[in-house]
Amino acid sequence: MSNTSAVAAAIFRDEFIVPATAIDANGHVNNVVFVQWMQDVATRHFESAGCAEAMRNASAIWVVRSHTIEYLGPAFAGDRLRANTWVVNFSRVRSLRRYQFARASDGKLLVRRETDWVLVNAATGRPCSIPESIQRAFVLVDEAAGVWQGTTPRPDSPATGSGAR
10 MSNTSAVAAA
20 IFRDEFIVPA
30 TAIDANGHVN
40 NVVFVQWMQD
50 VATRHFESAG
60 CAEAMRNASA
70 IWVVRSHTIE
80 YLGPAFAGDR
90 LRANTWVVNF
100 SRVRSLRRYQ
110 FARASDGKLL
120 VRRETDWVLV
130 NAATGRPCSI
140 PESIQRAFVL
150 VDEAAGVWQG
160 TTPRPDSPAT
170 GSGAR
């Protein structure tokens with residue numbers, strides 16, 4: 010498998026149509042809605058990797074330490090969007106995840122984002138170690154792959170998630 014193929018396989022893709030309820034007073038998707046969609050696609054990726062049981066066994070939950078979001082263009086009601094997400098790294102208690110949202114009709118990259126997640130014990134709220142089983146479930150995509158700049162794989166690649174909605 011080529012490096013490009015390995016990177017493409019590590020990226021979770023999903024597709025959906027922007028509902029009218031996502032539109033704000035400016036006539037485009039509200040920034041808070043994108044944050045929700047990013048959490049949703051990360052959750053679908055995590056579940057598709059089979060990590061839900063490991064989380065229950067660890068009595069742990071993911072919490073956001075920080076978000077960085079770059080809005081590159083607007084999305085509108087009825088647009089079909091393609092969402093990509095991947096895991097960049099794991100440390101003892103943290104994981105960096107990145108996302109891209111592109112319009113399917115023209116492939117225009119609309120949003121780039123990264124989230125620094127921290128795994129915490131659900132009972133104590135204190136950071137806890139990320140189980141090896143969770144770390145093994147993901148192929149890490151590093152800077153050298155060029156994905157963050159949108160160079161490979163293309164944001165208009167087919168969805169690989171739970172299917173287009």
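Residues are numbered in my numbering as their position in the sequence shown, beginning at 1, plus a constant of 9.
Every residue, glycine too, gets a C-beta built ideally from N, C-alpha and C.
As the structure is a prediction and not an experimental result, all values here were calculated from the model.
- [ ] Please state if the CB of His76 and the CB of Arg122 are separated by a distance shorter than 8 Å.
- [x] The answer is yes: Cβ separation under 8 Å.
- [ ] Assuming Phe110 contacts Phe43 (C-beta within less than 8 Å), just tell me the rounded distance between them.
- [x] A Cβ-Cβ distance of about 7 Å is found for the pair Phe110 and Phe43, placing them in contact under the 8 Å criterion.
TODO: Helix, strand or coil for Ser57, going by three-state DSSP, please let me know.
DONE: Assignment of Ser57 by DSSP, reduced to helix, strand and coil, places it in the helix class.
Task: Cβ contact (3+ pairs, closer than 8 Å) linking the segment 81-88 and the segment 129-136 - done: Under the three-pair Cβ rule at 8 Å, the segment 81-88 does not count as touching the segment 129-136.
Task: Straight-line gap, Asn39 to Asp33 (C-alpha atoms, nearest Å) - done: 5 Å
- [ ] Spatial neighbours of Pro162 within its chain, please: CB distance less than 6 Å, with the 5 preceding and 5 following residues excluded, ordered by chain position.
- [x] In this prediction, Pro162 has a pLDDT of 42, which is less than 50 and means its spatial position is unreliable; nothing more can be read from the coordinates.
TODO: Could you tell me the distance, in whole angstroms, from the CA atom of Phe25 to the CA atom of Met64?
DONE: 27 Å
Task: For Pro136, the residue or residues it bridges with in DSSP - done: Val129
Open item on the list: Val102 and Ser68 - do their beta-carbons sit closer together than 8 Å?
Closed with: No. Outside cutoff.
- [ ] Could you tell me the distance, in whole angstroms, from the CA atom of Asp23 to the CA atom of Val50?
- [x] 7 Å
- [ ] Would you kindly check if the distance between the Cβ of Thr124 and the Cβ of Val7 is under 8 Å?
- [x] A query on residue 7 cannot be resolved here, the shown segment of the chain reaching from 10 to 174 and no further.
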